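Engineer: Structure incoming, see below.
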Amino acid sequence: MTESGTTVDIKALLRAQHIETPSWAYGNSGTRFKVFAQQGVPRDPYEKIADAAQVHLFTGVAPTVALHIPWDRVDDYADLARHAREAGVGIGAINSNVFQDDDYMLGSVTHPDARVRRKAIGHLLECVDIMDETGSDTLKLWFSDGINYPGQDDIRARQDRLAEALDEVYARLGPSQRFLLEYKLFEPAFYATDVPDWGTAYAHCLRLGPKAQVVVDTGHHAPGTNIEFIVAFLLREGKLGGFDFNSRFYADDDLMVGAADPFQLFRIMYEVVRGGGYSADVAFMLDQCHNIEPKIPGQIRSVMNVQEATAKALLVDRAALAAAQSAGDVLGANAVLMDAYNTDVRPLLAELREEMSLHPDPMGAYAASGYGAKIVAERVGGAQAGWGA
Numbered sequence: 000m001t002e003s004g005t006t007v008d009i010k011a012l013l014r015a016q017h018i019e020t021p022s023w024a025y026g027n028s029g030t031r032f033k034v035f036a037q038q039g040v041p042r043d044p045y046e047k048i049a050d051a052a053q054v055h056l057f058t059g060v061a062p063t064v065a066l067h068i069p070w071d072r073v074d075d076y077a078d079l080a081r082h083a084r085e086a087g088v089g090i091g092a093i094n095s096n097v098f099q100d101d102d103y104m105l106g107s108v109t110h111p112d113a114r115v116r117r118k119a120i121g122h123l124l125e126c127v128d129i130m131d132e133t134g135s136d137t138l139k140l141w142f143s144d145g146i147n148y149p150g151q152d153d154i155r156a157r158q159d160r161l162a163e164a165l166d167e168v169y170a171r172l173g174p175s176q177r178f179l180l181e182y183k184l185f186e187p188a189f190y191a192t193d194v195p196d197w198g199t200a201y202a203h204c205l206r207l208g209p210k211a212q213v214v215v216d217t218g219h220h221a222p223g224t225n226i227e228f229i230v231a232f233l234l235r236e237g238k239l240g241g242f243d244f245n246s247r248f249y250a251d252d253d254l255m256v257g258a259a260d261p262f263q264l265f266r267i268m269y270e271v272v273r274g275g276g277y278s279a280d281v282a283f284m285l286d287q288c289h290n291i292e293p294k295i296p297g298q299i300r301s302v303m304n305v306q307e308a309t310a311k312a313l314l315v316d317r318a319a320l321a322a323a324q325s326a327g328d329v330l331g332a333n334a335v336l337m338d339a340y341n342t343d344v345r346p347l348l349a350e351l352r353e354e355m356s357l358h359p360d361p362m363g364a365y366a367a368s369g370y371g372a373k374i375v376a377e378r379v380g381g382a383q384a385g386w387g388a
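Numbering (numbering that gives the first Met the number 0), first residue to last: 0 to 388.
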């Protein structure tokens, strides 16, 4: 058990959990080789939000949906936010896109051409405008910028250009807004990525101030990386802004969170709980592309996986763990963690859902709802939404 020690306390924390789903997870996606179209996928951002609302309807803990610009561009963002409220959800983080324009072949905000840098920064400022219109308080920044060959560009100069761009975006943020800077080991830049790791992201955010924080994408690390150490460090420094939850077997696979290594997800969530991140302003966001699995069930399953890992993390007997650690009891300390991890929390979560007036089995309830068949029948014609590959 936790230090507070009761199932009631654990349920209260789980009931308050907030897991944000991404609009792009509901559209068609794939690999660099092929996008496999599915029947019934959304044709516009309004239909994406309708699908996201289904995930919240059956899980009770996914009340916001992240947008990606320009994939989710509309003429009236205030109207899109109104539509979301009427569907029972809200607009979450606004994700920028400076990687799908031909101008960005050699980079966006770090491009050697000032014209291209100006274009990229203009898009980032546009995203802050959209935050103002939708009520979003979070801007998500990921840059594919980097170089493929030694000597292709000046590595240090690119960091200077990045810093200049971040300065301008930071200055544009409102008093209750922030940006989260994402890092990625590689792809599509294979020799040197401009934001390749948490240290680079942390250094830029530390220089800027409290409205700049780091987001940890669980798929963006080399094999064997101790992600929970990164989480613990950033929490300690007050610089962990959020997560992009997904799973990887090889590289940035964007699979359902908890699919590849549920024990790792538990370890991460324990550090979040232990470090105060569960009650702080740390965003639990999903970032996944469902290439072969149904879109809405894929998101429901991911939400459930995060819930299960969180419940197990909350079950850790922290007093017993601290005692074993202080006594140098290596096996005893490990056993405390393993006892929590090996606990079947599904009955607890089913009971919690019933207390929240939800079906205890979200996957089964969604399958029985008929929504999947309904959107297949209704969404005929038009262009299906997708990120394109």
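We treat Cβ as the ideally placed atom computed from N, Cα and C, and that holds for glycine.
Quantities reported herein were computed from a predicted structural model and do not represent experimental measurements.
Quick one: Cα of Gly380 to Cα of Asp286, how far?
Structural biologist: 27 Å
Engineer: Under a Cβ-count criterion, where at least 16 other Cβ atoms within 10 Å of its own Cβ denotes burial, should Glu270 be classed as buried or exposed?
Structural biologist: buried
Engineer: Just to confirm, are Ala156 and Arg116 a CB contact at a threshold of 8 Å?
Structural biologist: no
Engineer: Should Ile291 go down as buried or exposed, given a rule of 16 or more other Cβ atoms within 10 Å for buried?
Structural biologist: exposed
Engineer: Where does Ser28 fall in DSSP's three states?
Structural biologist: coil
Engineer: For Asn268, tell me which candidate among Tyr340, Gly223, Asp252 and Thr199 has the shortest Cα-Cα distance.
Structural biologist: In the sequence as presented, Asn is not what sits at residue 268; that position holds Met. Considering only alpha carbons, the answer is Tyr340.
Engineer: Rounded to a whole number of angstroms, what is the C-alpha to C-alpha distance between Asn333 and Tyr148?
Structural biologist: Going from the Cα of Asn333 to the Cα of Tyr148 covers about 45 Å.
Engineer: In terms of alpha-carbon separation, which member of His82, Val256, Pro62 and Phe142 lies closest to Met104?
Structural biologist: Phe142
Engineer: Report yes or no: do three or more beta-carbon pairs, one from the segment 35-42 and one from the segment 64-73, lie closer than 8 Å?
Structural biologist: no
Engineer: Let me know the secondary structure DSSP gives Pro261 once reduced to three states.
Structural biologist: helix
Engineer: First and last residue of the beta strand (DSSP E) that includes Ala322?
Structural biologist: Segment Arg317 to Ser325 is the alpha helix (DSSP H) holding Ala322; no beta strand (DSSP E) there.
Engineer: Using CA coordinates, which residue listed in Phe232, Ala364, Met303 and Met362 is at the minimum distance from Arg273?
Structural biologist: Phe232
Engineer: For Gln298 versus Asn27, is the C-beta spacing smaller than 8 Å?
Structural biologist: no
Engineer: Can you tell me which of Arg114, Tyr249 and Val54 puts its alpha carbon nearest to the alpha carbon of Thr217?
Structural biologist: Tyr249
Engineer: Could you give the distance in angstroms between the alpha-carbon of Leu357 and the alpha-carbon of Ser95?
Structural biologist: 34 Å
Engineer: What three-state label does DSSP hand Arg177 in the structure shown?
Structural biologist: strand
Engineer: The beta strand (DSSP E) spanning Leu239 covers which residue range?
Structural biologist: Leu239 to Phe244
Engineer: Going by the beta-carbon positions, is the gap between Ala61 and His289 smaller than 8 Å?
Structural biologist: no
Engineer: Which residue wins for smallest C-alpha separation from Met362, given the options Ile295, Glu377 and Gly331?
Structural biologist: Ile295
Engineer: What residue from Lys139, Ala191 and Ile120 has the CA that sits closest to Gly150's CA?
Structural biologist: Nearest C-alpha to Gly150: Ala191.
Engineer: Quick one: what does DSSP say Ile90 is sitting in, helix, strand or coil?
Structural biologist: The DSSP-derived three-state label of Ile90 is strand.
Engineer: Could you give the residue range of the alpha helix (DSSP H) that holds Lys10?
Structural biologist: Start and end: Thr6 to Arg14.
Engineer: Can you say whether Ser246 is buried or exposed, counting buried as having 16 or more other CB atoms within 10 angstroms of its CB?
Structural biologist: buried
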